[in-house]
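Residues are numbered in my numbering as their position in the sequence shown, beginning at 1, plus a constant of 851.
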Amino acid sequence: PIPQRIHLEMSWRVAAASVALAVMAALIPAVAPVWQLLRRDLTRWVRTSGNASTADRGHLRTQRTFVRLQIAGATAFLAAALVAGALFVQSRRVDPGFDVDHLVALDVDVPQLGYAPDRAHALANRVLDRLQPASARIMAVASRVPFYVGMTDVHAVEIDDARCAPAHCATSGLYAVTPDFFAVMGMPLRAGRALTRDPADRDAIVVSETAAARFWPGRSALGGRLRDRTTGR
């Protein structure tokens, strides 16, 4: 599933069962004490309460305290359920920035197969060349997909010609993709041009709008340079 962390499809049966359980969990603790009080002879209880012993009065205070705690707890759980429901509805309206409905991901751990980085790059191109014509569908290879579940590949980077020690550099996630990646994902380019298979494009980069605003504030990111201090490229 892509994206893995915001796959929010839910059956109406699951939703109805969740709502029913939340309502029961909120109402039963609050209604049960009231129901017990209503079943008692309240008139007799009021008449005799003035003559109750200190122990009885202490017992009644304890009961009232538990009733208050039950009502407060039920209210808190109901409020949490409502907040969770509202966040779920809100999350369904979020635009992740790419197509989530017509994608299939295949995860292959190339380093475990004994491929060095250069051989892995050549393998990716061979796989695409062989599979894409047969499938008549657009394909791409990427070292990470959006919302990847696992370790984030964070690198220290230098912006343009500004030098910095690795411990004090800005950081960013850097991922390798084949040229068709953005077309496959349905990610529109806001500026610049798409990547190509030209060897001269091997060091070309595409940055997100967030990264562009962060690293080149107030100006265009086109023509900017990033140096990866983690790998030295």
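Glycine is no exception: its CB is placed at the ideal position from the N, C-alpha and C atoms.
Tell me whether residue i sits in a helix, a strand or coil according to DSSP, three-state version.
i        : result
His-910  : helix
Ile-853  : Interpretation of Ile-853 is limited by its pLDDT of 48, a score under 50 that renders its predicted location unreliable; the figure taken from the coordinates is listed afterwards. The answer is coil: DSSP assigns Ile-853 none of H, G, I, E or B.
Gly-936  : helix
Leu-1077 : strand
Ala-956  : coil
Thr-1022 : strand
Ala-1072 : coil
Val-874  : helix
Val-1058 : coil
Ala-867  : helix
Val-1035 : helix
Ile-989  : coil
Ala-883  : helix
Ala-822  : Beyond the ends of the chain as shown, which are 852 and 1084, falls residue 822; an answer cannot be given.
Val-945  : coil
Val-1028 : strand
Phe-998  : coil
Thr-1082 : coil
Ala-931  : helix
Val-918  : helix
Asp-969  : helix
Comparing C-alpha positions only, which one of the options sits nearest to residue i?
i        : options                                  : result
Ala-1021 : Phe-1066, Phe-1032 and Leu-954           : Phe-1066
Ala-1027 : Leu-964, Ile-1010, Cys-1015 and Arg-1048 : Arg-1048
Leu-1078 : Asp-1052, Pro-1017 and Pro-1030          : Residue identity differs from the one stated: residue 1078 is Arg in this sequence, not Leu. For the residues Asp-1052, Pro-1017 and Pro-1030, the minimum Cα distance to Arg-1078 belongs to Pro-1017.
Ala-877  : Arg-1070, Gln-921, Tyr-966 and Asp-980   : Gln-921
Arg-988  : Thr-1081, His-953 and Trp-863            : His-953
Val-1035 : Ser-862, Val-959 and Gln-983             : Gln-983
Ile-1056 : Pro-1068, Gly-1024, Leu-957 and Ser-942  : Gly-1024
Gly-1043 : Ala-1072, Val-955 and Asp-958            : Ala-1072
Ile-1010 : Val-934, Gly-1074 and Ser-942            : Gly-1074
Met-1038 : Asp-969, Ala-937, Val-874 and Asp-946    : Asp-946
Ala-935  : Ala-866, Thr-1082, Arg-1070 and Val-1005 : Ala-866
Asp-969  : Leu-957, Val-882 and Pro-1050            : Pro-1050
Leu-957  : Arg-995, Arg-944 and Ser-942             : Arg-995
How many whole angstroms separate the CB atoms of residue i and residue j, which I take to be in contact at a CB cut-off of 8 Å?
i        : j        : result
Ala-971  : Val-961  : 4 Å
Glu-1060 : Arg-1076 : Contact doesn't hold; Cβ gap of about 18 Å is too wide.
Pro-997  : Phe-949  : 6 Å
Less than 7 Å between the beta carbons of residue i and residue j, yes or no?
i        : j        : result
Pro-880  : Ala-925  : yes
Phe-1033 : Ala-993  : no
Asp-1054 : Leu-1046 : no
Ala-1007 : Arg-1080 : yes
Asn-973  : Thr-1029 : Looking at the sequence itself, residue 973 is Ala, so the reference to Asn does not match. No, the pair does not count as a contact, with Cβ atoms beyond the cut-off.
Please tell me whether residue i has its Cβ less than 7 Å away from any Cβ of chain E.
i       : result
Ala-967 : Here there is only one protein chain, and chain E is not present.
Under 8 Å: do the stretch 912-919 and the stretch 869-876 share three or more Cβ pairs, one atom per stretch?
no
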